[in-house]
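Structure, as structure tokens:
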Amino acid sequence: MLIKRASDIASSEITPEDLFHNRREFIKKASAVLGIAAAGAILPACSNSTVSGMAQGKPKGKYDTDEKQTPFDDVTHYNNYYEFGTDKADPAQNSGKFKPTPWTVSVEGMVKKPASYALDDLLKGLTPEERVYRMRCVEAWSMVIPWTGIPLAAILAKLEPAPSAKYVEFKTIVRPDEMPGQRPSIFGSGLHWPYTEGLRMDEAMNPLAILVTGVYGKPLPNQNGAPIRLVTPWKYGFKGVKSIVKIRFTDKQPLTAWNEAAPQEYGFFANVNPQVDHPRWSQASERRIGEFYKRRTLMFNGYTEQVAQLYSGIDLRKFY
Amino acid sequence: MARFNRWWIFKPVVFLLCLVPMAWLLWDTFTGNLSANPVEDIRNRTGIWTLRFLMITLGVTPVRRLAGWPSLIRFRRMLGLFAFFYAFVHFITYIWLDQAFAWDEILKDVTTTRPFIISGLASFILLIPLAITSTRKWIGRLGGKRWQMIHRLIYLSAVVGVLHYYWRVKLDVSRPLAYGAVLVVLLGFRLAAAAVYDRRPVSVQRAPLR
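Which chain is which? The protein sequence lines are U and Y, in order.
The first sequence begins at 1 in our numbering and counts up one residue at a time.
The second sequence begins at 1001 in our numbering and counts up one residue at a time.
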């Protein structure tokens, strides 16, 4: 991928993925290796602190969770990405032909600089950050994923939306040749292409919202939404629109894909809320991938402190 | 006698074939071949096999009439009991693996407006009297006519079961609709056959319909 990285790459990005899986194991192995090296050096006492510093990856960020991370293999082989098929295994299986480079993002609507940007240009000068977020799917399962991305607020600041803009809308690319789920069929998935998502401007400016270009320190795989996707961890996973080609600023609430397909089941906001059930199943609990029994779902997926103020005075039962 | 023996040999074969989906599921479970969400896989696969066995069971009568294989009736009870078996495993998966015996959650699932859960539960419960009264003894105890009436509950169980599947999927309803179409054909055959039978003289009503 051609996305340029800022000079200060997080150490986690250069940590091999298999070591990421088991930090304890990593510490043990690294200690042994460095221990031998240190025996020849004069400063053996320093080796230990060096090792543990490295093993921690970058220091835990303000928004990171330290919960056990879902293995890379599960993050990349259990996906909802209907453009590649409706089964969880379909995206990994059917996305091989998809070409995430070169990539252009069209910026439109109520914005100072409407233009088509090469992805590299859009992200130029912005610093990617690693964020370890919980991801709660509306289907009542969840993961913990180390994303690499750029705060959406930083990108929006660069684009300079007009004060009249109240919402930002995102669209996924339409490429039926490379995305079998987009080809016409008798029933189809029930979604209309392009997949559309949107946020209120204040939601988009929230520091938790990021445009993601990588996972586990690697470029984003096709099945996870390469080359660039949205992640809003306090909302259900379907808000995370993938393979974004259009960013449009508007004063009207965008008609989002799932909201259009089944308005009584999926709202525009789609905030994780254990008190507001899906009409067909409970949202009070979730199965964390890799765990046997379910766990309680947290309000705003555990990000209340960061986002609750966005919804003060709003009836979340009505605006689900 | 020779004819009887031949069928007798087939029965254990069919029995083992009916166990293949279960064996396959257990194999995948213990060799780590399921997806990242194994409980979901177990739930989906036992559910879909329940529907398949319901359809196969309902297919016995049309096939034996249309193909002129009346002996197929020997397998119907076993097939029906396998539908119940997969429904039972599916039900236990929900109660145990899914809800971890959290009865308050289960009660909430059933009592709040969740046609999805209610339909699944109803489809299963409707099969219980059929499983209980599946023995020869029960046919005698109830009398053929009443027994047959009770066992027509399978129609309702299958209809509610397909609805359960329909409500399960998020948007892509093509597969539930395919099952629905098969069910319409299977039940439609019975309506058509009944209509034809009604018009035939009583003396030929016992003959197989061709």
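Think of the CB as a built atom: it goes at the ideal place given N, C-alpha and C, for glycine as much as any other residue.
Predicted model, so just to flag it, every value in this text is computed and none were measured.
Can the beta-carbon of residue i be found less than 8 Å from the beta-carbon of residue j?
i        : j        : result
F300(U)  : G267(U)  : no
P180(U)  : F98(U)   : no
F1082(Y) : C1018(Y) : yes
V1162(Y) : L1183(Y) : yes
I1106(Y) : I1095(Y) : yes
Y82(U)   : L211(U)  : no
T196(U)  : E169(U)  : yes
V144(U)  : T65(U)   : yes
L1153(Y) : L1177(Y) : no
N206(U)  : V307(U)  : yes
K171(U)  : K124(U)  : no
L122(U)  : Y167(U)  : no
P151(U)  : F249(U)  : no
K242(U)  : V272(U)  : no
P233(U)  : R296(U)  : no
Does the CB of residue i have a neighbour CB from chain U at under 8 Å?
i        : result
V1039(Y) : yes
R1114(Y) : yes
W1024(Y) : no
S1035(Y) : yes
A1087(Y) : no
D1104(Y) : no
S1123(Y) : no
Here's the rule I'm using: 16 or more other beta-carbon atoms within 10 Å means buried, otherwise exposed. How should residue i be labelled?
i        : result
I228(U)  : buried
Y1197(Y) : exposed
L1126(Y) : buried
I244(U)  : buried
G240(U)  : buried
I36(U)   : Caution is warranted here: a pLDDT of 37 is assigned to I36(U), below 50, making its placement in the model unreliable, and no coordinate value can be reported.
W141(U)  : buried
F292(U)  : exposed
I1009(Y) : exposed
P100(U)  : buried
Q182(U)  : buried
G325(U)  : The question about residue 325(U) has no answer, for chain U in this structure spans 1 to 320.
Q275(U)  : exposed
K88(U)   : buried
D90(U)   : buried
L220(U)  : buried
L255(U)  : exposed
V60(U)   : It should be pointed out that residue 60(U) corresponds to Lys in this sequence rather than to Val. It counts as exposed.
K252(U)  : exposed
M1055(Y) : buried
W193(U)  : buried
S312(U)  : exposed
F1030(Y) : exposed
On the premise that residue j lies in contact with residue i, defined as a C-beta separation below 8 Å, what is that separation, rounded to the nearest angstrom?
i        : j        : result
Q69(U)   : P146(U)  : 6 Å
T104(U)  : L126(U)  : Not confirmed; about 17 Å, so no contact.
G237(U)  : R136(U)  : 7 Å
G109(U)  : A153(U)  : 18 Å between Cβ atoms; not a contact.
T76(U)   : Q223(U)  : 6 Å
Y1179(Y) : Y1165(Y) : 6 Å
V1160(Y) : S1123(Y) : 4 Å
Between residue i and chain Y, is there a C-beta pair that is closer than 8 Å?
i       : result
H192(U) : no
T196(U) : no
R287(U) : yes
I145(U) : no
I173(U) : no
I210(U) : no
D74(U)  : yes
A92(U)  : no
T86(U)  : yes
I247(U) : no
R280(U) : yes
W141(U) : yes
A89(U)  : yes
Y311(U) : no
K294(U) : yes
A153(U) : no
Y236(U) : no
I244(U) : no
If you measure from the beta carbon of residue i to each beta carbon in chain B, is any gap under 8 Å?
i        : result
K1108(Y) : The structure shown contains no chain B; the protein chains it does contain are U and Y.
Next on the checklist: My parser needs the alpha helix (DSSP H) runs of 4 or more residues fully inside the segment 124-169 of chain U; what are they?
Outcome noted: 152-159
Next on the checklist: List, from N- to C-terminal side, the beta strand (DSSP E) runs of 3 residues or more that fit wholly inside the segment 292-319 of chain U.
Outcome noted: none
Item to check | Within the segment 252-283 of chain U, ranges of the alpha helix (DSSP H) (whole runs, at least 4 residues) | outcome: 257-261
Item to check | Completely contained alpha helix (DSSP H) runs for the segment 174-226 of chain U, where each covers 4 or more residues | outcome: 201-205
Item to check | Within the segment 1004-1076 of chain Y, ranges of the alpha helix (DSSP H) (whole runs, at least 4 residues) | outcome: 1038-1066
Next on the checklist: Report the start-end ranges of each alpha helix (DSSP H) in the segment 1132-1183 of chain Y that is 4 residues or longer and not cut off at the edges.
Outcome noted: Runs found: 1136-1142, 1144-1151, 1153-1168.
Checklist entry - Whole alpha helix (DSSP H) runs in the segment 47-107 of chain U with 4 or more residues, listed along the chain? => result Listed in chain order, they are 72-77, 90-94.
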